[in-house]
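Going by full-length UniProt numbering, the first residue of the sequence shown is number 1, and it counts up by one from there. Following: one structure in structure tokens, then a few remarks.
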Amino acid sequence: MVKGKVISLNPTSSMYFKIGIKHYEKGEVELAIKRLMKALELDNKNVEIKFNLAGLLAQVGDFETSNKLLSELTKDSPEFYDSLFGLGCNFFEMGKFKEAKNFLKRYVKLSNNIEFKEAAEDLIDFIESQEEFEKEQKEIEKYSKLLERGNFLLESGRYEDAMKYFKMILAKDDSVLAARNNLSLAYFYMGDIQKAIEEAKKVLQIDKYNVYANCNLAFFYSSIGKEREMKRHLKVVLDIKTYDSKDKIKILDTLIKLNQHSEIAQRANELFEITREPYFKHIEAVSLYNTRKYMKAKKIWEFLKKNFEMPEIRIDYFLKKVDNVIKTFEKDTIDYFETGFKFLEGMDEKEFRRQLQSHIDNYFSKTVEENGQKVMEILHKHVELNQKDQEAIFNLLKSLPLEKPRLNLQAIAAIVWYVFKKYMKREKIKQKDVAKIFGISQAVFSKWFGDFKELLLNKEV
């Protein structure tokens, strides 16, 4: 032993930096940050230490401190362009796309770092596609408000005023088919059937199998006695397969207007199974009665009388009609908007439609909202979502028929997440991995994705 000899160890910034990197490689990020902070205290101008520390801070979500360090780098070492890339990535993660795009574009213009440059270009592409998407969404929201006002005026019988709104939308974007279809209806209600037909045909030039245009044309042609043309569009309507319950209601409404009794029962029952709305079951019974299936009709009315309250419909009146026709053998039909109450004569159809639509709207809005909320809750349990993610996924959910019964909400959460990650965020992701995250089988995932992929992507994959 050497007496009187003291060995002094003075840790350097380089030593702390190396120790910090070792911690990081072991996955000990918090310890790595502490060591790099100590290294920076000893050498606060060191570019490598400051940049790596900024990266670690961003990794744990401390974007404020990370951005502060990167901003210092851009001032103190303006030729170290990677700090611009770091700022761009940070603002991107924070959802501040405008700032992110600004830094990333500066980086692409100035830097020769191929690895980061390609990543920066990918992020810029995503931001620009997102900006375009948001721009389209704002346009859609603007058109939706105009359309809503036009529809209100149309339903109120103010056809000329309604037309102004529909034409205003079409002048800006003639591909808004809902505006074109409603303009067509406005012309029809004003007595200009030829114009109504012309507008509906314009819709079919864009969408050959558009439910509303084909339904309207079948009704328009029927009103002027053109049976052949009516049947042509009616055939298209009957062949259309749609998941959209509003489309189903439009088809049912058209079949009722055209007195297609044999086609009504099945579709009315299908809507009853979806909504549990008793008015659809009543329409099914009327259809069965009109096709001389009296006992089946009677059974439905007895079921409705026992299980539902329908104050606008006098069930006993219809039961008596069945008993009478069975006794007398006289051929008889019932109008779909009869109520059985004589004091409603002259306003049956209007009142019945109002009551029916009220029930339907209440059902759909409640069910869709509830199921949408449940899907979002499932997503929050399995994956992390920021505000932008939630908004994008919520828009995806709008395209799905969440009012349908027996939905596998776990599977829907999985397929929506998959579409969001793969097609909106352009990330490499496999179906089997997503299925595993949400605790469902690959087969279940494939089944639900197959059912709804066209609605989610608006195209075939």
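Glycine included, C-beta positions come from ideal geometry on N, C-alpha and C.
Hey, could you find the ends of the alpha helix (DSSP H) residue i is sitting in?
i           : result
Met163      : Tyr159 to Lys172
Glu99       : Phe97 to Leu110
Val176      : Where Val176 is concerned, there is no enclosing alpha helix (DSSP H), given that its DSSP letter is neither H nor E.
Ser83       : Asp82 to Glu93
Val444      : Gln442 to Leu457
Asn307      : Tyr294 to Asn307
Leu217      : Val211 to Ser223
Ile326      : Ile315 to Thr328
Pro311      : No alpha helix (DSSP H) contains Pro311, which DSSP labels as neither H nor E.
Lys331      : Run containing Lys331: none; DSSP gives neither H nor E here.
residue 496 : This structure gives no information on residue 496, because the portion of the chain shown stretches from 1 to 461.
Ile206      : Ile193 to Ile206
residue 465 : Coverage of the chain is limited to positions 1 through 461, which leaves residue 465 absent and any answer about it impossible.
Val383      : Counting along the chain, Val383 falls outside any alpha helix (DSSP H), and DSSP gives it neither H nor E.
Asn290      : Pro278 to Asn290
Lys436      : Gln431 to Ile437
Cβ of residue i within 8 angstroms of Cβ of residue j?
i      : j      : result
Lys50  : Leu73  : yes
Leu204 : Leu234 : no
Leu146 : Tyr165 : yes
Ala265 : Val237 : no
Phe449 : Ile415 : yes
Tyr289 : Ile334 : yes
Glu270 : Lys241 : no
Tyr16  : Leu56  : no
Ile206 : Leu177 : yes
Tyr209 : Lys250 : no
Tyr159 : Met190 : yes
Tyr294 : Ile256 : no
Arg180 : Glu199 : yes
Ile21  : Leu53  : no
Arg267 : Leu252 : yes
Val383 : Ile437 : yes
Tyr143 : Leu110 : no
Leu402 : Phe452 : no
Leu407 : Gly372 : no
Ala413 : Leu379 : yes
Ser77  : Val47  : yes
Quick one: residues in its chain with C-beta nearer than 7 angstroms to the C-beta of residue i, no 5 flanking neighbours on either side, listed in chain order?
i      : result
Lys374 : Leu409
Ile315 : Trp301, Leu304 and Lys305
Glu345 : With a pLDDT of only 48 at Glu345, under the threshold of 50, the placement of this residue in the model should not be trusted, and no figure is reported.
Glu64  : none
Ala297 : Ala285, Leu288, Tyr289 and Val322
Thr12  : Leu42
Asn216 : Asn181, Ser184, Leu185 and Ala200
Asn386 : Gly95
Asn67  : Leu87 and Asn90
Glu460 : For Glu460, the predicted structure reports a pLDDT of 35, less than 50, and the residue's modelled location is therefore unreliable. A value from the coordinates is still provided. So the qualifying residues of the chain are Glu454.
Note down, in chain order, each residue of its chain lying with its Cβ closer than 8 angstroms to the Cβ of residue i, except the 5 sequence neighbours on either side.
i      : result
Phe126 : Lys425 and Arg426
Ile429 : Tyr418, Lys421 and Lys422
Val29  : His23, Leu56, Gln59 and Val60
Ser262 : Ser287 and Thr291
Arg149 : Tyr165
Ile124 : Lys101, Leu104, Lys105 and Val108
Asn113 : Tyr81, Asp82 and Phe85
Considering only residues of the same chain and omitting the five flanking positions on each side of residue i, which have a CB-CB separation below 6 angstroms?
i      : result
Phe308 : Pro278
Ser83  : Leu70, Leu73 and Thr74
Lys388 : Gly95
Val444 : Ala411
Val6   : With a pLDDT of 45 at Val6, under the threshold of 50, the predicted position of this residue should be treated as unreliable, though the coordinate-derived value follows. Correct list: empty, nothing qualifies.
Looking at chain D, is there any beta carbon in it that lies within less than 8 angstroms of the beta carbon of residue i?
i     : result
Ile33 : The structure shown contains no chain D, having only a single protein chain.
Counting only runs of 3+ residues fully inside the stretch 11 to 52, write out the beta strand (DSSP E) ranges in chain order. none
At what residue ranges does the stretch 233 to 263 contain a whole run of the alpha helix (DSSP H), taking only runs of 4 or more? You should have 245 to 257.
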